[in-house]
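Take the sequence shown: its position 30, counted from the start at 1, is 30 in full-length UniProt numbering, and no numbers get skipped. Worksheet for the structure shown next.
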Amino acid sequence: MFCQGGRLDCKVLWETLDTTSSSPSKVEIFKGSGVMVDKLAWAYAVNANSCTTFVRQLLTAVFPPEVLLVSNLRGTNKGKGEACLPLEKTKVDAIYNATLERWPGTLLSLIGSSINGKITEMRNKVKQ
């Protein structure tokens, strides 16, 4: 873990971010998922102080903004009758599993609302 007593564990952070070693520049967010993100994005997510922040960081690392702006978690209507595309299930499942591994006991509904909340926030920024 990165946080120990409210302080950043620099040794763990540097090991995660070490780009001089033979380790790849990407890491798998949940073992066996095949979903990879940049090491730096993973370091930011793992250093999150809440599961909501963790989910939001992973979401933007896993999916490009173009995909997020036309999607939502399950592909339901946005309210104006416009249908959104569902996010790729394999990647969403990896985000759920990584979150539950890092933040045991997290309600599934909190993860889902964090995903849709981040997407809504991104759409609102584009509208401005």
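For every residue, glycine included, the Cβ atom is placed at its ideal position computed from N, Cα and C.
Helix, strand or coil for residue i per DSSP?
i	result
residue 92	helix
residue 113	helix
residue 37	strand
residue 65	helix
residue 46	helix
residue 73	coil
residue 28	strand
residue 85	strand
residue 106	coil
Whose C-beta lies closer than 8 Å to the C-beta of residue i among residues of the same chain, with five residues either side of it excluded?
i	result
residue 26	36, 37, 38 and 39
Nearest-angstrom Cα distance between residue i and residue j?
i	j	result
residue 54	residue 119	14 Å
residue 52	residue 111	7 Å
residue 60	residue 90	15 Å
residue 95	residue 24	20 Å
residue 50	residue 42	14 Å
residue 123	residue 64	13 Å
Looking only at its chain, what residues have a beta carbon closer than 6 Å to the beta carbon of residue i, apart from the 5 residues adjacent to it on each side?
i	result
residue 44	57
residue 116	72 and 73
For residue i, count the other beta carbons within 10 Å of its own beta carbon; 16 or more makes it buried, fewer makes it exposed. Which is it?
i	result
residue 114	buried
residue 126	exposed
residue 21	Only weak support exists for where residue 21 lies, its pLDDT of 49 falling under 50; the value from the coordinates is given anyway. By the 10 Å Cβ count, residue 21 comes out exposed.
To which residues of the same chain is residue i closer than 7 Å at the C-beta, ignoring the five residues directly before and after it?
i	result
residue 48	54 and 57
Quiz item: Is the number of C-beta pairs between the segment 84–102 and the segment 53–73 that are closer than 8 Å three or more?
Solution: The segment 84–102, when compared against the segment 53–73, does touch it at the 8 Å Cβ threshold.
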